[in-house]
Amino acid sequence: MLRSNMDFYPTILGGVILGVGIALLVEIYGFAKGIRWFGLGYVIAINLCVAIVLLIWLLSTPFEIPLRGHIILWSIAIIALRVGLVETFTKSWIYK
626 MLRSNMDFYP
636 TILGGVILGV
646 GIALLVEIYG
656 FAKGIRWFGL
666 GYVIAINLCV
676 AIVLLIWLLS
686 TPFEIPLRGH
696 IILWSIAIIA
706 LRVGLVETFT
716 KSWIYK
């Protein structure tokens, strides 16, 4: 088993924790500017961080998994990235 296959879950967990940290920072410093992150914005930060971490992982590390596994991982990464970007561009994170 490749070392990279053993690091997959800790790396994805790191992406989730990074997303949570970004959401918390924006919640603390963005409240005065009308930005809300505990709600949809919280999910946006996590989606974008996990998608970026997963895409970097898929592009930089060879996996010894079947084609079906590659298709599923790429689909998850692309869907999470699209959802995060759509939510960001529709400005669903701003108080009205």
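Residue 715 in the numbering used here sits at position 90 of the sequence shown, and the numbers go up by one each step. Just so it is clear, CB atoms sit at the ideal spot from N, CA and C, and this is done for glycine as well.
DSSP state of residue i mapped onto helix, strand, coil
{"i": "F633", "result": "helix"}
{"i": "T713", "result": "helix"}
{"i": "I681", "result": "helix"}
{"i": "I671", "result": "helix"}
Residues near residue i in its chain [Cβ-Cβ closer than 6 Å; skip 5 each side]
{"i": "F706", "result": "A small correction: the amino acid at residue 706 is Leu; Phe does not occupy that position in the sequence shown. Result list for L706: A676, in chain order."}
{"i": "L679", "result": "A702"}
{"i": "L673", "result": "G709"}
Residues near residue i by beta carbon distance below 7 Å, same chain, minus five either side
{"i": "T713", "result": "I669"}
Cβ-Cβ separation, residue j to residue i (assumed contact under 8 Å), whole Å
{"i": "L683", "j": "L698", "result": "6 Å"}
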